[in-house]
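J.: To start, I am sharing the structure in question, which I have written as structure tokens.
Protein chains: 2
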Amino acid sequence: MPKDRAPTRIQQKNRAAILDAALEVFSAQGFRGATVDQIATVAGLSKPNLLYYFPSKEAIHNAVLSQLLDTWLDPLRALDPAGDPLEEILAYVQRKLEMSRDYPRESRLFANEIVQGAPRIHDVLSTDLRALVDEKVVVIKAWSDAGRIAPVHPYHLIFSIWSLTQHYADFEVQVRAVLGDEDPFAATPEFMETLYRRLLAPN
Amino acid sequence: MPKDRAPTRIQQKNRAAILDAALEVFSAQGFRGATVDQIATVAGLSKPNLLYYFPSKEAIHNAVLSQLLDTWLDPLRALDPAGDPLEEILAYVQRKLEMSRDYPRESRLFANEIVQGAPRIHDVLSTDLRALVDEKVVVIKAWSDAGRIAPVHPYHLIFSIWSLTQHYADFEVQVRAVLGDEDPFAATPEFMETLYRRLLAPN
DNA sequence: GTATGATTTGACCAAACGGTCAAACGCACG
DNA sequence: CGTGCGTTTGACCGTTTGGTCAAATCATAC
């Protein structure tokens, strides 16, 4: 490993290639299912060369995961307490749906990790994630109490958004197997909007 | 391996113990993450002894999976075209929710398999599962066309039921991390009923 | 151009893994 | 109570895997 000076161009390029390859392989095979050789091959490097940039398989996994965690929660962070309640929630749903469509590997990486008990990110879930959700739950509850959206359990509302949107990335093969040729994302945005409009419309 | 006579009591007991142990380990670690030794230990057997009952790790996995596939689709099969539309769908949702609560290992086993591309059950998905869904979609569309439930995309309705209910099993650690001490299944049935009543109520 | 540090690699290692096998053990039945 | 078949296991094998290392190669600054 080089000194901790400013990274060279080669370092930048190779580290980026490794992280992308790791995302590809880990999301498709899970942590234990992935091999360092696979990641190295996808990244266009030899195995010892890859291990020159990251000290271990677990270090690569950690790097991919922590790089992702931030951006993954951005759509929820953007929920604006000052905005129109229904439109804010609908916009959040659409943002999450776009992420499932445009970044399915990232979604599946998390899915793999969480289905298997989140051994490596459990801490982040019960601290950062929980704090963020708690914060937004207060906002939603205020909207609900004020009658600006229909009364609804705010935690389960958020869970429903996560599960509905990520389903199209995490269970993509199943969705495709059932839909056949039809594009899984063709009718989905409209379905989501209908669902949440009917669920949340005041009165 | 013994002859293909009627299985002895020892065979029955050990095969059942192996299948249960395999469900435990595969659902928590995935196929590649699980080891034959782990399964043997959980089943209370030695590794060679386990391999006396099943020829390979993959054979165990297949056995667990195919034993499960049938019962897993029972809730959808039970959707009765002659019943009251809204009540039928609500009952289906509750059945699926009960399965997530009572058989989370089974749910996570499928989740693991499908997230990783369903390499071992892809055929069943695009034949048996697809046929069953197609059949029920016709029923739902008829209800919808007759105005007995609100108009809704029937495929996405079914996907939504799958994802919402299985979320509480597959992503249990995340749900628990966010909810803290609160029982994940306490408010869930009511949330589901509210959601689908508002989505599907006619007019 | 050459010295210096960054980068790359072939060869290698120890542990873990799926699976085999012959021998030992145990249980039921005559 | 002994014989035969079902059952169990310790020892073992070949392969895969994560990781190491010394030597070779490359890039760059002087």
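Here the protein sequences line up with chains A and S, keeping their order. Residue numbers for the first sequence follow the working numbering, so the first one is 1 and each next one is one higher. Residue numbers for the second sequence follow the working numbering, so the first one is 204 and each next one is one higher. All residues carry an ideal CB built from backbone N, CA and C; glycine is no exception. Quantities reported herein were computed from a predicted structural model and do not represent experimental measurements.
1. Under three-state DSSP, which class holds S/Y371?
2. Give the interface partners of A/G147 over in chain S, defined as CB-CB distance under 8 Å, in chain order.
3. Between the Cα of A/A63 and those of A/D134, A/D20 and A/V137, spot the shortest distance and give me the residue it belongs to.
4. Looking at the structure shown, is S/S310 part of a helix, part of a strand, or coil, going by DSSP?
5. Give a yes or no on whether the minimum CB-CB distance between S/H359 and chain A is below 7 Å.
6. The alpha helix (DSSP H) with A/R197 in it runs from where to where?
7. Within the continuous alpha helix (DSSP H) that includes S/G236, where are the two ends?
8. Which class does A/T56 belong to by DSSP, given the choice of helix, strand or coil?
9. Do you know how far the Cα of S/R311 is from the Cα of S/S230?
10. Tell whether a beta-carbon distance below 7 Å holds between A/A177 and S/R235.
11. So, helix, strand or coil for S/F388, using DSSP?
12. If you reduce the DSSP assignment to three classes, tell me which class A/P48 lands in.
13. Would you mind telling me which residues of chain S sit closer than 7 Å to A/S100, beta carbon to beta carbon, in chain order?
14. Starting from A/P85, trace the alpha helix (DSSP H) both ways and give me its first and last residue.
15. Closer than 7 Å by C-beta to A/L164: which residues in its own chain qualify, once you throw out the five before and the five after it? Chain order, please.
16. Cβ closer than 8 Å: which chain S residues qualify as neighbours of A/I114?
17. Sort A/Q116, A/R95 and A/T35 by Cα distance to S/E309 and report the nearest one.
T.: Result, derived from the coordinates:
1. DSSP places S/Y371 in helix when its eight states are reduced to three.
2. Taking the beta carbon of A/G147 as reference, no residue of chain S falls within 8 Å; the closest one sits roughly 16 Å away.
3. The candidate whose alpha carbon is nearest that of A/A63 is A/D20.
4. S/S310: helix per DSSP, three-state reduction.
5. Taking Cβ atoms only, chain A reaches closer than 7 Å to S/H359, which makes this a yes.
6. In this chain, the alpha helix (DSSP H) harbouring A/R197 covers T188 to L200.
7. Run containing S/G236: R212 to G236, per the alpha helix (DSSP H) assignment.
8. According to the sequence displayed, residue 56 of chain A carries Ser and not Thr. Assignment of A/S56 by DSSP, reduced to helix, strand and coil, places it in the coil class.
9. About 5 Å.
10. Contact flag unset, no.
11. Three-state result, S/F388: coil.
12. A/P48 carries a helical assignment under DSSP once its states are collapsed to helix, strand and coil.
13. Here the premise fails: no neighbours, minimum Cβ distance about 11 Å.
14. Under the DSSP assignment, A/P85 falls in the alpha helix (DSSP H) whose first and last residues are P85 to D102.
15. Excluding residues within five positions, the ones whose Cβ falls inside 7 Å are M192.
16. Those within 8 Å of A/I114 in chain S are D373, F374, V376 and Q377.
17. Cα-wise, what sits closest to S/E309 is A/Q116.
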